[in-house]
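Taking full-length UniProt numbering, the leading residue of the sequence shown gets 1, the next gets one more, and so forth. Backbone N, C-alpha and C define an ideal beta-carbon position, used for all residues, glycine too.
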Amino acid sequence: MLLFIFEFNKWRTRIALKPCRIVSTRKKLFTFCRLNRGDFALVRLPESNVQLVRDIQESCKSAICDGLKLLEVQFPPLKNIGTAALNQVLDANRTFAKSVVQRFPHVSGNGTTFVVFPDDAESKLAREDRDFRTLDSVFITSLWQRDINLQDASLVIILNPGFQVQEWFQVERFCNDQVPVILFNADLDKLRGGYYPRFLYPKLHATKDKFLIKFEPVYYVRFFVNGALIRRYPNPWQIAYEEEGCLYCIMERNERPDFQTVRSSLDQFRRLSE
Numbered sequence: 001m002l003l004f005i006f007e008f009n010k011w012r013t014r015i016a017l018k019p020c021r022i023v024s025t026r027k028k029l030f031t032f033c034r035l036n037r038g039d040f041a042l043v044r045l046p047e048s049n050v051q052l053v054r055d056i057q058e059s060c061k062s063a064i065c066d067g068l069k070l071l072e073v074q075f076p077p078l079k080n081i082g083t084a085a086l087n088q089v090l091d092a093n094r095t096f097a098k099s100v101v102q103r104f105p106h107v108s109g110n111g112t113t114f115v116v117f118p119d120d121a122e123s124k125l126a127r128e129d130r131d132f133r134t135l136d137s138v139f140i141t142s143l144w145q146r147d148i149n150l151q152d153a154s155l156v157i158i159l160n161p162g163f164q165v166q167e168w169f170q171v172e173r174f175c176n177d178q179v180p181v182i183l184f185n186a187d188l189d190k191l192r193g194g195y196y197p198r199f200l201y202p203k204l205h206a207t208k209d210k211f212l213i214k215f216e217p218v219y220y221v222r223f224f225v226n227g228a229l230i231r232r233y234p235n236p237w238q239i240a241y242e243e244e245g246c247l248y249c250i251m252e253r254n255e256r257p258d259f260q261t262v263r264s265s266l267d268q269f270r271r272l273s274e
């Protein structure tokens with residue numbers, strides 16, 4: 001099984017791949033892609049933290065150059081993201097944010113990069129971090145900070161909002177038509193997929209319909225049992241099947257496929273080998 005491990009304490013990224021068996025899967029790939037009018041290719045994920053940050057940076061820069069202002073970056077910050085404690089997820093995202101900001105030049109002119117954390121405690125930890133304190137033109141704050149002035153902002157990066165529903169309402173305060181906003185690991189899929197029923201969360205759905213649905217996924221990796229859904233802007237969405245430690249693109253779409261389409265495509269491809 002593909003190992004996709006982000007080791008944030010030492011800020012290293014490691015991908016362990018078993019030997020690829022392209023020949024053994026080629027017949028299946030040709031059959032599946034012919035049926036679905038597609039083509040296949042080997043999908044390569046970042047093999048280092050430098051490449052990961054570069055990929056995110058390039059995707060965000062391309063989107064901003066194309067005029068997009070609301071961007072989403074989503075990927076698993078921990079190997080055990082499904083069972084990790086909240087503090088582990090927050091620590092991973094905070095360390096990740098630091099590494100990204102260190103390598104992320106201003107993409108919309110000279111100004112200040114606002115790094116926004118979900119609460120005051122997280123922003124305090126960041127301000128106490130020496131590496132964060134030494135970053136030039138970076139302002140650290142939280143979603144709950146009063147009297148936010150974005151006049152000098154060139155970029156806003158919001159980390160991991162949404163653990164509390166009220167945090168989504170605060171996100172809007174940092175969004176305007178002038179400054180690009182990047183949501184990092186906000187798990188917007190919970191809002192897209194009905195995790196919060198509309199009749200129980202009418203205000204949240206009103207906020208989603210008003211502006212949260214406008215965020216464009218520009219760097220996105222989500223793993224499934226036997227594959228992944230991947231997107232790197234401006235490239236199309238890819239459904240990738242995992243076999244023998246390798247990811248193969250079995251379908252590309254300009255429009256984002258829903259999770260049911262992803263699962264059914266992966267299952268259809270898997271059945272070809274049975």
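Practice item. Confirm, please, whether the CB-CB distance from Leu143 to Asn93 is below 7 Å. Key: no
Exercise for review: Taking Trp237 as part of the beta strand (DSSP E), name the residues at either end of that continuous run.
Suggested key: 237–243
Check your understanding: Measuring CB to CB, does Ala240 end up less than 7 Å from Cys249?
Key -> yes
Exercise for review: Examine the ligand GDP and report whether any of its heavy atoms sits within less than 6 Å of the Cβ of Phe199.
Suggested key: As for the ligand GDP, it is missing from this structure, which has no ligand bound.
Practice item. Taking only the alpha-carbon atoms, compute the straight-line gap between Leu70 and Val181 and give it to the nearest angstrom. Key: 5 Å
Check your understanding: With C-beta atoms as the reference, is Val115 less than 7 Å away from Ile140?
Key -> yes
**Study point:** Phe169 - containing beta strand (DSSP E), residue span
**Key:** Where Phe169 is concerned, there is no enclosing beta strand (DSSP E), although the alpha helix (DSSP H) it sits in stretches over 165–171.
**Study point:** Ala153, DSSP secondary structure in three states
**Key:** strand
Exercise for review: Output the distance between the C-alpha atoms of Ala206 and Asp119, rounded to the nearest integer angstrom.
Suggested key: 23 Å
Practice item. Please name the residue in Arg54, Ala228, Glu167, Asn185 whose C-alpha comes closest to that of Val43. Key: Ala228
Point to revise | Pro161 beta carbon less than 7 Å from that of Ala121 | key: no
Point to revise | Whole-angstrom C-beta distance between Ile64 and Tyr219, which should lie under 8 Å | key: Actually they are not in contact, since the Cβ atoms of Tyr219 and Ile64 sit about 13 Å apart, beyond 8 Å.
Point to revise | Supposed contact pair Trp237 and Arg256 - C-beta distance, whole angstroms, cut 8 Å | key: 5 Å
Review point. Considering only residues of the same chain and omitting the five flanking positions on each side of Glu172, which have a CB-CB separation below 7 Å?
Key: Thr207, Phe211
**Study point:** Proximity to Ala97 [Cα-Cα], best of Leu125, Ala85, Gly111, Ala84
**Key:** Leu125
Point to revise | Distance between beta carbons of Glu72 and Leu183, contact taken as under 8 Å | key: 5 Å
Check your understanding: Along the chain, where does the alpha helix (DSSP H) that runs through Leu52 open and close?
Key -> 49–65
Point to revise | Buried versus exposed call for Ala153 [16 or more other C-beta atoms within 10 Å across all chains shown] | key: buried
Check your understanding: Comparing alpha-carbon positions, which option in Pro234, Asn235, Asn226 lies nearest Glu243?
Key -> Asn226
Point to revise | The beta strand (DSSP E) enclosing Glu72, as first and last residue numbers | key: 70–74
Point to revise | Supposed contact pair Leu68 and Glu216 - C-beta distance, whole angstroms, cut 8 Å | key: 5 Å
Point to revise | Pick from Phe174, Phe132, Phe169 that is closest to Gln151, judged by C-alpha positions | key: Phe174
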